[in-house]
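One structure below.
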Amino acid sequence: MMAPSFESEYEIRGPALIHPPMTKAMQNRSSSQSAEILARRDDFVPTALNAPETAAATPPSDWQTAMKRAVRSSAELRRILDLPAARGVTAEQSFPTFVPWEFIRRIRPGDENDPLLKQVLPQPGEDSIEDEQDDYPAFSADPVGDLDAAVASGLLHKYHGRALMITSGACGVHCRYCFRREFPYSQVCSSTDQWRPAVEYIRRHTEIDEVLLSGGDPLTMVDSSIERLMDAIESIPHVRRLRIHSRMPIVIPQRLTKSLVSRLTSSRLAIWFVVHVNHPNELDADLLARLGALVRAGIPVLNQAVLLRGVNDDAATLIELCRKLVDHRIQPYYLHQLDRVRGASHFEVSVAKGTRLMRVLRASLPGYAVPTYVREEPGADSKTLLPISRELSGKRCT
Ligand code: SF4
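According to my numbering, the residues represented by the sequence shown are 82 to 479, in order.
The structure is reproduced here in structure tokens:
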């Protein structure tokens, strides 16, 4: 098969918000690139959003309209959810609020401690909260060593046999604990030409048999872009599997269109789909029905969760999450120890507590329903297993 042409612009059309719009890290790297991103945001972000009440009353059938209607300020989010105004300054300048209505509808109004709200609501002073664990490197802009693993524009190569493409700087929601909240997206995914080196790197490296699409969120790309990228990857004979990491189906379930599922199932590659759910309240009926389309199509769906203080750091919540996932044939894959990204320290749970929680999970669930508890360490050749028992402590896994 001939490699597809990448001459036309690699489009990230529609309303996608490029994030972060101008981080400290980006300011340090290139002020011109930051300006370029801000200029592009004017193209993508509509200036006249629907009134919140209208957006709430009429859920759109298409995902791009859902992106357009997303709430983009913590003050607005608080107003919608009947919460008092925040006292103090939030970190919205460096990492803006972005929450779609489809997610907001699952949050309990008036409850500041709602576990879904906590994931998306900027906290005053989140950049200055103190570290709790002193046995591990401090909170930083790049806690998992992404920048050191970059081998081509938009491509990270950390682990043997696998390479990860940063396909988009946009997401369907901004999670306050995101380990890429300061990632310099403007340098890696702004045009078609910047993808060519990544594809060529994979073509040269015959040991790579699996490509991961990540971001940002790869499903913020329009279908035609996803198709062109899949065409390119499918044209590389030694690539056998394509893994798609996306939170879009969780926060905007209508993103899983029939045409997208059809394109995935028609691929010559074995497709693995990895979603990101942290709390059982995220799994509503509409979302589960749509994920069911992937499962029925024969695509394995796995879930990654992050252990987050005040969100899911209790055994009952984690057990309910795992049960609900496997009830719908979604496999709990990883439970991640928080990546120590700057601004997220208030989410950290100690490894000792995580270990205790994992023991309860092991005692309460069938083995296939128990996620693997891991931490990502910069420069390591795999994720690091965290202790559940003495035998497993410190071992590597894939
Ligand atoms: S955790 Fe995933 S969905 Fe959330 S902001 Fe980060 S990349 Fe986007």
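Heads up, the beta-carbon is just placed ideally off N, CA and C, and yes, glycines get one too.
Contact check, residue i vs residue j, beta carbons under 9 Å
i      : j      : result
GLU207 : SER426 : yes
LEU198 : MET246 : no
ALA378 : VAL342 : yes
TYR258 : VAL387 : yes
GLU363 : ILE333 : no
VAL376 : PRO413 : no
GLY435 : TYR454 : yes
ILE407 : PRO361 : In the sequence on display, residue 407 carries Val and not Ile. No.
GLU281 : GLY242 : no
ASP143 : GLN335 : yes
GLN200 : ASN359 : yes
PHE264 : ASP227 : yes
Residue i versus residue j: straight-line alpha-carbon distance, rounded
i      : j      : result
PRO127 : TYR266 : Annotation note: pLDDT 33 at PRO127 (below 50); position unreliable, no value reported.
ASP163 : GLY191 : 5 Å
MET329 : SER470 : 34 Å
ALA222 : LEU467 : 23 Å
ALA156 : TRP182 : 15 Å
TRP353 : ASP365 : 22 Å
ARG309 : VAL303 : 10 Å
GLN275 : LEU402 : 39 Å
GLY235 : VAL422 : 20 Å
ALA231 : SER431 : 30 Å
VAL180 : VAL152 : 5 Å
LYS339 : SER175 : 36 Å
Residue i, buried or exposed, once every other Cβ within 10 Å from all chains shown has been counted against 16
i      : result
HIS319 : exposed
LEU438 : buried
GLY169 : exposed
GLY253 : buried
TYR415 : buried
ARG349 : exposed
THR287 : exposed
PRO299 : buried
ALA120 : Confidence at ALA120 is low in this model, with a pLDDT of 35, below 50, so the placement of that residue should be treated as unreliable; the coordinate-derived value is given next. That one is exposed.
N- and C-terminal bounds of the beta strand (DSSP E) containing residue i
i      : result
VAL488 : No answer is possible for residue 488: it lies beyond the span of the chain, which begins at 82 and ends at 479.
SER295 : 291 to 295
TYR282 : TYR282 -> not in any beta strand (DSSP E); alpha helix (DSSP H) instead, spanning 277 to 285.
ILE325 : 322 to 326
LYS464 : 464 to 466
Identity of the residues DSSP links to residue i by a beta bridge
i      : result
LEU453 : Strictly speaking, residue 453 in this sequence is Thr, with Leu absent from that position. In the DSSP output, where bridge partners are listed per residue, THR453 has TYR415.
MET246 : LEU236, LEU294
First through last residue of the alpha helix (DSSP H) which encompasses residue i
i      : result
ARG344 : 339 to 346
LYS149 : 144 to 149
ARG437 : 432 to 445
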